[in-house]
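To start, the structure under review is shown below, and the notes come after it.
There are 2 protein chains.
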Amino acid sequence: MHKHYLMAPGPTPVPEEARLAMARELIHHRGDAFKEVMAEFRQGLQWLFETSSDVLALTCSGTGTFEAGIINFSRRDEKLIAIGGGKFGERWGDIGRAYGMNVVDVELEWGSHLEPDRLREVLAKHSDAAMVTLTASETSTGVFHPVRELAQVVREESNAIFAVDGITAVGVHHLPMDDWGIDLLVAGSQKAFGIPPGMGFIAASDRAWERAEVSDHPKYYFDLLRERGRQRDNQTAFTPAISVALALREVLRMMREEGRQALLRRHQRNAAATRAGLEALGFDLLASRPSDAVTAARAPEGITGPEVVRRMAQDQGMTIAGGQKDLKKSLIRIGHIGFFEASDIRMVLGALEAVMNDLGADVQPGVAMSAAQRVFLQD
Amino acid sequence: MHKHYLMAPGPTPVPEEARLAMARELIHHRGDAFKEVMAEFRQGLQWLFETSSDVLALTCSGTGTFEAGIINFSRRDEKLIAIGGGKFGERWGDIGRAYGMNVVDVELEWGSHLEPDRLREVLAKHSDAAMVTLTASETSTGVFHPVRELAQVVREESNAIFAVDGITAVGVHHLPMDDWGIDLLVAGSQKAFGIPPGMGFIAASDRAWERAEVSDHPKYYFDLLRERGRQRDNQTAFTPAISVALALREVLRMMREEGRQALLRRHQRNAAATRAGLEALGFDLLASRPSDAVTAARAPEGITGPEVVRRMAQDQGMTIAGGQKDLKKSLIRIGHIGFFEASDIRMVLGALEAVMNDLGADVQPGVAMSAAQRVFLQD
Chain A
1 MHKHYLMAPG PTPVPEEARL AMARELIHHR GDAFKEVMAE FRQGLQWLFE TSSDVLALTC
61 SGTGTFEAGI INFSRRDEKL IAIGGGKFGE RWGDIGRAYG MNVVDVELEW GSHLEPDRLR
121 EVLAKHSDAA MVTLTASETS TGVFHPVREL AQVVREESNA IFAVDGITAV GVHHLPMDDW
181 GIDLLVAGSQ KAFGIPPGMG FIAASDRAWE RAEVSDHPKY YFDLLRERGR QRDNQTAFTP
241 AISVALALRE VLRMMREEGR QALLRRHQRN AAATRAGLEA LGFDLLASRP SDAVTAARAP
301 EGITGPEVVR RMAQDQGMTI AGGQKDLKKS LIRIGHIGFF EASDIRMVLG ALEAVMNDLG
361 ADVQPGVAMS AAQRVFLQD
Chain B
1001 MHKHYLMAPG PTPVPEEARL AMARELIHHR GDAFKEVMAE FRQGLQWLFE TSSDVLALTC
1061 SGTGTFEAGI INFSRRDEKL IAIGGGKFGE RWGDIGRAYG MNVVDVELEW GSHLEPDRLR
1121 EVLAKHSDAA MVTLTASETS TGVFHPVREL AQVVREESNA IFAVDGITAV GVHHLPMDDW
1181 GIDLLVAGSQ KAFGIPPGMG FIAASDRAWE RAEVSDHPKY YFDLLRERGR QRDNQTAFTP
1241 AISVALALRE VLRMMREEGR QALLRRHQRN AAATRAGLEA LGFDLLASRP SDAVTAARAP
1301 EGITGPEVVR RMAQDQGMTI AGGQKDLKKS LIRIGHIGFF EASDIRMVLG ALEAVMNDLG
1361 ADVQPGVAMS AAQRVFLQD
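Each protein sequence line maps, in turn, to chains A and B.
FYI, in the numbering used here the residues of the first sequence are 1 to 379.
FYI, in the numbering used here the residues of the second sequence are 1001 to 1379.
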């Protein structure tokens, strides 16, 4: 017998309030009841994004939402600077290329973050850049980039739109969009919101919307000017993922009740405790500047990542993630984004102790859980 | 006190089996459990589409899915013939234009269907057409076009890809894709499947896939060649709407258990009974060739469509739809696509009798329900 736990960096466990909202009969997306739902979640999203701009909800994945961001706020003949260093950061460059843009890849070793001075050098060479894309929290490596400092560099050195993939950062790290001068910010339903995948959220600054007027990439479903017009009436241009929207309202209520500071603080503590537990077990943390959404770590000598992931699932009922691309062999990734608390972190670390012991590591019983507990009790 | 009923042409009531599947904790979309779900629903979709081609599942609305169909199987400099006659048919021409294609609109009065001979004339003038788009069941007018005959004309008169929006036709009308030579067929989760919106389904013929290799429209999220590669491994390229996928498996099981013939027959009877009931109340049916998914009808002299729709919602707890665009003032639309049975049809007609009576019409008690009952009992 095993209970099953999702401890991956999205999808994440869905709070009962949201699951039961999805179990109810649907409401029609063109009726007043849905307009009320949408008015409420639009306001909640603005609160979370810390922006006075519209936050639009699209029915698609995070990638689809970021693609919409790229193609609505740039032109075909423009230059896009894609900050790499992981699967998602690199993907935004691929999207620019798919649309025929002139893409400059800023290559980074996976696991390292971008120093603001390096971006300054890149922009000195490419002062004509129209867009800079960044994955704030890189899910494939567990890195959180210095977003605030990078935003400042973009503003100082260029007229580029600073497009931030906050898919695993919004609701985890402080990312006040308006204050920091972020032009585009994207989030996804299955991450900090803790609801099923199916919706992405995107907000744009006034200067980004000015560019939308002259964007020449072909688009229809992802046409955000049309979408903004409809969403200001609490409607969507096309049929939305209604059940995800109903769940979204529930979790935004929960997040607002918890409060933004407490929400971010909870993620910070969970992440710090996870890192402490992993290090106590001899894992080597990958990120030069860790994200509070996901922790990526290399297994100790003689033990492979996929083996740990497989045993965690089979023997402990816990879904954690492995590495992606070049890091497939070595890495494990534990997600702590969304509705997790100290108990969840103690639990996953306890299971990991058992797995490491089974794999022949010399594990002192309780070593990872105790390291985590020190973080929780100190705070 | 009012119970609430959805009798719109999508979203439709969701069977309890599907709603409870969505209320369970999520499973991870990269794990074996999801692969099993996907293998099963892929097979179920092939069964429903009556095709040996892959049926791909995309996380977006029906419009997004049809857009993917247009832009993957055509080129920018090609000619697209868009069969109009309703909001959705006309939309596919708009998508072609958004992508810079040469679009020929086949204009049709809303409510009428396209005669095969008229398409033959159009194709004689435009024998270079690369794609012909058709909305099989036009949700805005309740028309079902003669798809089989139109497919034959396209084959005889051109080399065009015949792209069929089956969003409110698949699972309602017999549309054997391979047999009839349909090149592209699209469906949507919130229609005959009776599950929440958030997923669209698309299948393409071998000759369509050949065109995909040379398509030059820019795309990333909607790149179906990449998607096909992944889905053959029972994975999606990007995070799918997991909860909708879990619901999909449940309803496909129910549909297969019911059997294709019984499923189509049920829709046919429900539609015929709805039409009989509406006519008995003095409504004027709009469609020259009615769809079994939705019935559109003009209210009798002196009564407006929006008034009927509003009273049905407020006084009877029943969500039906009004008219779209030019038909906003006059039309009501009753949806009977999905998991409806005779009881639902009797119920909506009974409520409509009450509303018409309240609006001052001379209603013989039971007249619409009796007309419907004659259809059900005769069959």
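Using N, Cα and C, we set each Cβ at its ideal position, and we do this for glycine too.
Between the beta-carbon of Leu1080(B) and the beta-carbon of Ala1136(B), is there less than 8 Å?
no
Contacts that Ile242(A) makes with chain B (C-beta to C-beta distance below 9 Å):
Pro1011, Gln1190, Pro1196, Pro1197, Gly1198
Straight-line Cα distance separating Ala1342(B) from Lys328(A):
55 Å
For Gly1089(B), I'd like the list of residues in its chain whose CB is within less than 8 Å of its CB, leaving aside the five on either flank, ordered along the chain.
Ala1082, Ile1083, Leu1108, Thr1133, Leu1134, Thr1135, Glu1138, Asp1165
Just by C-beta distance, which residues in the region 78-99 of chain A are closer than 8 Å to chain B?
Asp94, Ile95, Ala98, Tyr99
Tell me, please, whether the CB atom of Leu1327(B) is closer than 8 Å to any CB atom in chain A?
no
Contact check, Ser288(A) vs Val103(A), beta carbons under 8 Å:
no
Check whether the region 197-204 of chain A touches the region 1241-1260 of chain B, counting contact only when three or more Cβ pairs, one atom from each stretch, lie closer than 8 Å.
yes
Taking just the CA atoms, how far does Arg1076(B) sit from Val1122(B)?
21 Å
Distance check for Arg298(A) and Ala1203(B), CA to CA, integer angstroms please.
42 Å
At a Cβ threshold of 8 Å, is Leu1006(B) touching chain A?
yes
Tell me which residue opens and which closes the alpha helix (DSSP H) that Ile345(A) is part of.
342-358
Assuming Ala21(A) and Glu250(A) are in contact, meaning their beta carbons sit under 8 Å apart, how far apart are those beta carbons, in whole angstroms?
5 Å
Rounded to the nearest angstrom, what separates Pro11(A) and Ala124(A) at their Cα positions?
39 Å
What does Val14(A) touch in chain B if you count any residue whose Cβ is under 7 Å from its own?
Glu1025, Leu1026
Could you spell out where the alpha helix (DSSP H) holding Val1214(B) opens and where it closes?
Premise fails: Val1214(B) is in no alpha helix (DSSP H) and is neither H nor E.
Answer yes or no: do Pro1015(B) and Met1254(B) have a C-beta to C-beta separation smaller than 8 Å?
yes
Where does Leu225(A) land, buried or exposed, given buried means 16+ other C-beta within 10 angstroms?
exposed
For Gly1069(B) versus Val1186(B), is the C-beta distance shorter than 8 Å?
yes
Straight-line Cα distance separating Val1172(B) from Phe376(A):
57 Å
Just to confirm, are Asp206(A) and Glu50(A) a CB contact at a threshold of 8 Å?
no
Buried or exposed: where does Val214(A) fall if 16 or more other Cβ atoms within 10 Å of its Cβ makes it buried?
exposed
In chain order, which alpha helix (DSSP H) runs of at least 4 residues are fully inside the region 54-121 of chain A?
62-72, 87-98
Leu286(A) and Glu279(A) look like a contact to me (Cβ under 8 Å); what is the Cβ gap, rounded to whole Å?
About 12 Å separates the two Cβ atoms, so there is no contact after all.
Output yes or no for whether 8 Å exceeds the beta carbon distance between Arg42(A) and Asn234(A).
yes
In chain order, which continuous runs of the alpha helix (DSSP H) of length 4 or greater are located wholly inside the region 128-202 of chain A?
147-157, 177-180
Which of helix, strand or coil does DSSP assign to Met1007(B)?
coil
Where Pro300(A) and Glu307(A) are concerned, what is the direct C-alpha to C-alpha distance, given to the nearest angstrom?
12 Å
The beta strand (DSSP E) that contains Ala296(A), what's its start and end?
294-298
Identity of the residue in Leu1045(B), Leu1006(B), Ala1018(B), Gly1100(B) nearest Arg1260(B) by Cα:
Leu1045(B)
Is the shortest distance between the beta-carbon of Ser1140(B) and the beta-carbons of chain A less than 8 Å?
no
Taking a Cβ distance cut-off of 7 Å, strictly less, list which residues of the region 1221-1252 of chain B are near chain A, in chain order.
Tyr1221, Phe1238, Thr1239, Pro1240, Ala1241, Ile1242, Ser1243, Val1244
What residue does the beta strand (DSSP E) around Leu331(A) start on, and which one ends it?
331-335
Per DSSP, cross-strand counterpart(s) of Thr319(A):
Leu6(A)
Identify, in the order they occur along the chain, each residue of the same chain with its Cβ nearer than 6 Å to the Cβ of Asp276(A), setting aside the five sequence neighbours on each side.
The sequence shown places Ala at residue 276(A), rather than the Asp named in the question. So the list reads Ala371, Ala372, Val375, once near-sequence residues are dropped.
What residues from the region 1129-1163 of chain B come within 8 Å of chain A, judged by C-beta to C-beta, listed N to C?
none
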